[in-house]
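The structure under discussion appears below in the form of structure tokens.
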């Protein structure tokens, strides 16, 4: 990994913005399309000014931009900072990927063992007539 990627203020701002669950939920909503502050505030138990504060953090990180419609002021997802964060995270995939591969292998072994140890099912009994 390059030192410039590790010492990157933009990357720091991205991860700081992503640290909050409300901001992650806002980004998830914006992934579906543009939305106004009122539309973004709707699913949360918080005021529009509180949502606006979260949006400012996301805007400073470059994750959200404002639309040109002056009356509605829609917000839009900007994915470029997420790509940089993903690039940084990919450097660490080699540490968790083998563990997931071992877990997959273990689960397959367990499934195969269960299938072998299961007794064959008998045909359902017909009720006796009186």
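Residue numbers (my numbering): 4 to 133.
All C-beta atoms in this analysis are idealised placements derived from N, C-alpha and C, irrespective of residue type, glycine included.
Quick one: grab the DSSP three-state call for residue i.
i: residue 80; result: strand
i: residue 75; result: coil
i: residue 55; result: helix
i: residue 50; result: coil
i: residue 137; result: In this structure the chain extends from 4 to 133, so residue 137 is not present and cannot be described.
i: residue 35; result: coil
i: residue 132; result: coil
i: residue 115; result: helix
i: residue 23; result: coil
i: residue 43; result: helix
i: residue 95; result: coil
i: residue 89; result: helix
Rounded to whole angstroms, what's the CA-CA distance from residue i to residue j? Just pull it up for me.
i: residue 87; j: residue 61; result: 15 Å
i: residue 113; j: residue 25; result: 39 Å
i: residue 17; j: residue 74; result: 28 Å
i: residue 11; j: residue 97; result: 22 Å
i: residue 108; j: residue 117; result: 14 Å
i: residue 29; j: residue 120; result: 48 Å
i: residue 78; j: residue 70; result: 6 Å
i: residue 103; j: residue 130; result: 49 Å
Using the Cβ count rule (16 or more neighbours within 10 Å means buried), how would you classify residue i?
i: residue 31; result: exposed
i: residue 22; result: exposed
i: residue 101; result: exposed
i: residue 202; result: With the chain represented from 4 up to 133, any question about residue 202 goes unanswered, as that position is not in the structure.
i: residue 76; result: exposed
i: residue 58; result: buried
Would you list the residues sitting across from residue i in a DSSP beta bridge?
i: residue 63; result: BP columns for residue 63 are empty, so no partner.
i: residue 69; result: 78
With residue i and residue j assumed to form a contact (beta carbons below 8 Å), what rounded beta-carbon distance in angstroms separates them?
i: residue 54; j: residue 43; result: 5 Å
i: residue 85; j: residue 33; result: Contact doesn't hold; Cβ gap of about 11 Å is too wide.
i: residue 14; j: residue 99; result: That belief does not hold up - the Cβ atoms of residue 14 and residue 99 are roughly 20 Å apart, past 8 Å.
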